[in-house]
Each structure stands twice: as structure tokens, then as C-alpha cells.
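Numbering that gives the first Met the number 0 puts the sequence shown at residues 0 to 149.
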Amino acid sequence: MKIRFLCPVCECPTSVQSAGAAAVNWECAACDHRQVIQLPATAPTICAVCGNHELYKKKNFPHWLGLSILTFACIGFLTFMARYEWGWAWAVLLGSAAVDGILYLSVGDAIVCYRCGAQASGTTPGAEHHPFELTIHERYRQEKIRRDTV
Ligand SMILES: [Zn+2]
Ligand SMILES: [Zn+2]
């Protein structure tokens, strides 16, 4: 399992990784903040970084990859359309949609913390993990605003 997160003190992006359950003595490379990160053996039900109980699952699909495929498909489609090669134009469009779909299905899931955004990948979410819900996210966002303004 791999956990990607932001340092709770300086918000420097970082990650810890382990093959099984482990307690990693993590030290921030940027600000020397130290913390023990508990990596569970199975899908986490509490956040390894902040201990929060509300987590959501999502596809571990890199956003930039989806966008590049989309851009490529649009350029290809328009190029062939401009040359009146309808067959190729549609082939590019449908082909990239297929590639997009296959990639989407083949990438694993990630479990993300609503509070601190820590992402656990390399694990399979269980029935207790639900997809992202905007209302819960909004509640945490408001909470963070209140914390920051105190
Ligand atoms: Zn730090
Ligand atoms: Zn967290």
C-alpha cells in the first residue's frame, strides 16, 4: 500500500509505502515534522495520517492522462474531418474512447480522506467504502475554513 499525503505542518507533498501492515516513522523532508504513519494490511477504514473516520473511494486515474487522451482525440478527429476522411475521424474518436475506458477499468482504486486528502492506493476498497459525496466534502471544507480563521 502506498499513501500519498501533504505534510500536516508545511503541506509539502510526500508519500510512504509498505508491502504489508507497518508503522512508518515518517519525517518531513521540508520541515522536519515527525509522525508515525500506520499502514494497515487491508483497505484502511481510518486515515493513516490524521485518524479521520470518513473516507471515500475513487479511481486512481491520473487526471492529466484523461485530459491528454481527450485532447489527442479532438485534434485527431478535427484533422481527419478537415481532410474529409470520415472513417478515420470516427476511428480516432471511438478508439480513444475505448483506450480511455480500458485504462479506467485497469487502474486500481484509491481511498481518500475527506479531511486531509491523504490517498491510499494499492488496496481494494470494501463495502464500507463509498464514492465521493459532495455534502460530506462541503462539511469538511466549512470546518477547515472555520479552523483557518480562528
Ligand atoms: Zn513538513
Ligand atoms: Zn486524513
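Don't be surprised by glycine CBs; every beta carbon is placed ideally from N, CA and C. The structure presented is a predicted model; accordingly, all values stated were derived computationally and were not measured.
Rounded straight-line distance, which links the Cα of residue j to that of residue i
{"i": "Phe131", "j": "Trp25", "result": "28 Å"}
{"i": "Lys57", "j": "Ser67", "result": "20 Å"}
{"i": "Cys73", "j": "Arg146", "result": "43 Å"}
{"i": "Leu92", "j": "Trp63", "result": "18 Å"}
{"i": "Arg138", "j": "Gly50", "result": "17 Å"}
{"i": "His32", "j": "His129", "result": "31 Å"}
{"i": "Ile36", "j": "Glu10", "result": "16 Å"}
{"i": "Ile135", "j": "Asp108", "result": "20 Å"}
{"i": "Trp85", "j": "Thr13", "result": "47 Å"}
{"i": "Leu69", "j": "Asn59", "result": "18 Å"}
{"i": "Phe94", "j": "Thr78", "result": "It should be pointed out that residue 94 corresponds to Gly in this sequence rather than to Phe. So the alpha carbons of these two residues sit roughly 15 Å apart."}
{"i": "Leu5", "j": "Ala88", "result": "43 Å"}
{"i": "Ala29", "j": "Val15", "result": "15 Å"}
{"i": "Tyr83", "j": "Ile101", "result": "29 Å"}
{"i": "Val149", "j": "Tyr103", "result": "41 Å"}
{"i": "Met80", "j": "Gly65", "result": "22 Å"}
Candidates the options, of which the one nearest residue i by Cα
{"i": "Ala47", "options": "Thr148, Phe76, Ile144, Pro7", "result": "Pro7"}
{"i": "Val23", "options": "Ala29, Gln34, Gly100", "result": "Gln34"}
{"i": "Met0", "options": "Asp31, Ala88, Cys30, Ile110", "result": "Ile110"}
{"i": "Arg3", "options": "His52, Ser120, Ala126, Ile144", "result": "Ser120"}
{"i": "Thr159", "options": "Ser17, Pro12, Leu5", "result": "The requested residue 159 does not occur in the structure, where the chain is confined to residues 0 to 149."}
{"i": "Gln141", "options": "Arg114, Ala126, Glu127", "result": "Arg114"}
{"i": "Glu53", "options": "Tyr83, Ser105, Glu127", "result": "Glu127"}
{"i": "Ser105", "options": "Arg82, Gly75, Met80, Pro61", "result": "Pro61"}
{"i": "Ile45", "options": "Ala90, Gly65, Met80, Gly116", "result": "Gly116"}
{"i": "Phe112", "options": "Ala21, Tyr55, Cys27, Leu38", "result": "Residue 112 is actually Cys in this sequence, not Phe. Residue Tyr55 is the option with its Cα nearest to Cys112."}
Reduced DSSP category for residue i - H, G, I as helix; E, B as strand; rest coil
{"i": "Thr13", "result": "strand"}
{"i": "Phe4", "result": "strand"}
{"i": "His128", "result": "coil"}
{"i": "Val23", "result": "strand"}
{"i": "Val111", "result": "strand"}
{"i": "Ala119", "result": "strand"}
Inter-residue CB distance, residue i and residue j (contact presumed, cutoff 8 Å)
{"i": "Ala40", "j": "Gly19", "result": "5 Å"}
Residue i: CB within 6 Å of a non-hydrogen atom of ligand 4
{"i": "Val48", "result": "What this structure holds is ligand 1 and ligand 2, not ligand 4."}
Report task. Could you pull out every unbroken beta strand (DSSP E) segment of at least 3 residues lying fully inside the region 53-92, listed in chain order? Result -> Fully enclosed beta strand (DSSP E) runs of 3 or longer: 54-58.
Report task. Quick one: which unbroken beta strand (DSSP E) runs of 3-plus residues sit fully inside the region 25-50? Chain order, please. Result -> 33-38
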